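Residue numbers (the numbering used here): 2 to 77.
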């Protein structure tokens, strides 16, 4: 997941205004209490940050790939 895809997923899931608050203010247990913004700045991959945000905010499993992000291809 690219940073731009992360930003789109956050905006679509939480809204433009609230999404910024979630990223900047929500302490994520998965990252020792760091916010998503801090985790990204520390080099944590956007996909991992998105997964932690989804877990912390109870995003339904069906939307955890992000609204504009394709689901992974099935492998045979």
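Cβ coordinates follow ideal geometry from the N, Cα and C atoms, glycine included. Quick caveat: nothing in here was measured; it's all calculated off a predicted structure.
Worksheet item: What does a CB cutoff of less than 6 Å around residue 7 pick up in its chain, not counting 5 residues either side in sequence?
Response: Here residue 7 corresponds to residue number 6 of the chain shown, with the count starting at 1. Around residue 7, the same chain offers 47 and 51 as residues with beta carbons nearer than 6 Å, after the five sequence neighbours per side are excluded.
Practice prompt. Report back the beta-carbon spacing between residue 60 and residue 17 to the nearest angstrom; my notes put them in contact at under 8 Å.
Written response: If you number the chain shown from 1, residue 60 lands on position 59. If you number the chain shown from 1, residue 17 lands on position 16. That belief does not hold up - the Cβ atoms of residue 60 and residue 17 are roughly 17 Å apart, past 8 Å.
Worksheet item: When we look at the beta-carbon of residue 11 and count the other beta-carbons within 10 Å, is it buried (16 or more) or exposed?
Response: On the chain shown, residue 11 is found 10 positions in, with the first residue counted as 1. With 16 or more other Cβ atoms within 10 Å, it is buried.
Worksheet entry | Cβ shell of residue 65 (< 6 Å), same chain only, five flanking positions each side left out | Within the chain shown, residue 65 is the residue found at index 64, counting from 1. Result list for residue 65: 55, in chain order.
Item to complete: With a cut-off of 8 Å on the beta carbons, I'd call residue 37 and residue 24 a contact; round off their distance for me.
Response: Locating residue 37 in the chain shown gives position 36, counting from the first residue. Locating residue 24 in the chain shown gives position 23, counting from the first residue. Contact flag correct, Cβ pair sits at about 4 Å.
Worksheet entry | For residue 16, three-class secondary structure by DSSP | Numbered from 1 along the chain shown, position 15 holds the residue referred to as residue 16. Here residue 16 sits in coil by DSSP.
Worksheet item: With 16 other CB atoms within 10 Å as the buried threshold, where does residue 86 fall?
Response: In the structure as shown, the chain starts at 2 and stops at 77, and residue 86 therefore has no counterpart that could be examined.
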